[in-house]
Each structure stands twice: as structure tokens, then as C-alpha cells.
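All remarks here apply to the structure that follows.
In this note's numbering, the protein residues as written are 15 to 197.
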């Protein structure tokens, strides 16, 4: 069993995180869910809590125990850090080393050996914007892996690259990372 932290960010495809959580859980992984405020506009924490059978973390300032720091403890428990969907905003926050929400704070506190993955999902123009591409490249240079978004009809009506990769592809990618870690 691998301890996977799934970070869900503000994208219309956030609802697919329910399927990712469920699939990873069925494979025997322990899934801990983090959600940005924007993600909660698309899917509720309760949905992810039921599927993961674990508390969902939404607030970097929420400290459940007086003798520990929540985002540090979450980072220490993480073996694979998966951001799916990864919005342009969160990608920028991660690339800048910010720590002002639960997702970016846990990411910044991760031990260096933790496997880190982003699965971008956004409008084509946002994805292809040189700033977003620079931020993705920064993360790749820092050791993150990226699951390429697919070309599709997007929620906004545009057609182009930016749709979240298929859930099965994301789960398979994570499984491959798990296998590589144990080899």
C-alpha cells in the first residue's frame, strides 16, 4: 500500500477526482485528499471523504492536534503527491514555492524523495500560455512528473489541449510510479 496525497484544485474536471480517489483506493492505496477553496466550488469535501475513508484537508491553518503541525505531518506521510486536476493557478503557486493554501504548503514541506506528479487541466490558451509552460517546466526541473492533458472539447466550448487526462491513464501512471519505487 502506498500513501498517496491527492491534491484537487480549481478546475471543472475536479469532479473526476472522485473517480481517481475511488480507483486508487480499490487498488489498495491509502488516499489522503487536499482541496483548494476553488476545488470546493466544483466538488464537496464530503464526497472525497466518503470515497477515501479519510478526513479531507481544506485549510492550511486548521490544526487538529496541539502537538503537531498538520501540513508538515501530511507531507511526512506522503509517498506520492498527485495534483489532479492541476490548475494554472496551483501550478504557478507550486513553481513559485508559495505556501498559502493547504496544497502548496504540503507540497513545499514534502521530503525530497517523494514522487510528485501534476495532471494539468485548463483552457487551451491558459495551458499554452508561455507563463504556464514556464511554470510547468520549472516543476519538471524540480523533479515533478507531468501527465499531459488531452485534446478535447473543453467545458468553455473551445477545442484544444487542456482537458484532464483520462482517469485510467492517471491511475496507470501512478501505478507505474509505485512499481518503480518498489523496484
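Where is the CB? At the ideal position from N, CA and C, for every residue including glycine.
With residue 126 as the anchor, note down where its beta strand (DSSP E) starts and where it stops.
Taking the first residue of the chain shown as 1, we reach residue 126 at position 112. No beta strand (DSSP E) holds residue 126; DSSP gives it neither H nor E.
According to the Cβ coordinates, are residue 70 and residue 63 closer than 7 Å?
Counted from its first residue, the chain shown places residue 70 at position 56. Counted from its first residue, the chain shown places residue 63 at position 49. Contact: yes.
Would you mind giving the Cβ-Cβ distance between residue 160 and residue 144, rounded to the nearest angstrom? I have them listed as a contact below 8 Å.
Taking the first residue of the chain shown as position 1, residue 160 is located at position 146. Taking the first residue of the chain shown as position 1, residue 144 is located at position 130. Contact flag wrong, Cβ pair sits at about 16 Å.
Please report the straight-line C-alpha distance between residue 176 and residue 166, rounded to a whole angstrom.
On the chain shown, residue 176 is found 162 positions in, with the first residue counted as 1. On the chain shown, residue 166 is found 152 positions in, with the first residue counted as 1. C-alpha separation (whole angstroms): 7 Å.
Can you name, in chain order, every residue of its own chain whose Cβ lies under 6 Å from the Cβ of residue 27, other than the five neighbours on each side?
Counted from its first residue, the chain shown places residue 27 at position 13. If we look at residue 27 and ignore the five residues flanking it on each side, its Cβ neighbours are 99, 135, 178.
Please state the DSSP three-state secondary structure of residue 149.
One-based indexing of the chain shown puts residue 149 at position 135. Helix at residue 149.
Output the distance between the C-alpha atoms of residue 90 and residue 37, rounded to the nearest integer angstrom.
Translated into the one-based positions of the chain shown, residue 90 becomes position 76. Translated into the one-based positions of the chain shown, residue 37 becomes position 23. If you take the alpha carbons of residue 90 and residue 37, they lie about 23 Å apart.
Can you tell me whether residue 148 is buried or exposed, with buried defined as 16 or more other CB within 10 angstroms of its CB?
Mapped onto the chain shown, residue 148 falls at position 134. Flag for residue 148 reads exposed.
Under 8 Å: do the segment 124 to 133 and the segment 47 to 58 share three or more Cβ pairs, one atom per stretch?
No, the segment 124 to 133 is not in contact with the segment 47 to 58.
So, for residue 186: in the same chain, excluding its five sequence neighbours on each side, which residues have a beta-carbon less than 7 Å away from its beta-carbon?
Locating residue 186 in the chain shown gives position 172, counting from the first residue. The answer is none, since no qualifying residue turns up.
Can you tell me which of the three DSSP states residue 181 falls into?
Position 167 of the chain shown, counted from the first residue, corresponds to residue 181. If DSSP states are grouped into helix, strand and coil, residue 181 belongs with the helices.
Please report how far the alpha carbon of residue 66 lies from the alpha carbon of residue 41, in whole angstroms.
Reading the chain shown from its first residue, position 52 is the one you call residue 66. Reading the chain shown from its first residue, position 27 is the one you call residue 41. Near 12 Å, if we compare the C-alpha coordinates of residue 41 and residue 66.
Helix, strand or coil for residue 39, going by three-state DSSP, please let me know.
Residue 39 sits at position 25 when you count from the first residue of the chain shown. Residue state, collapsed to three classes: helix.
Which ranges would you report for the alpha helix (DSSP H) in the segment 95 to 137 if only whole runs of at least 4 residues count?
Listed in chain order, they are 102 to 110, 116 to 123.
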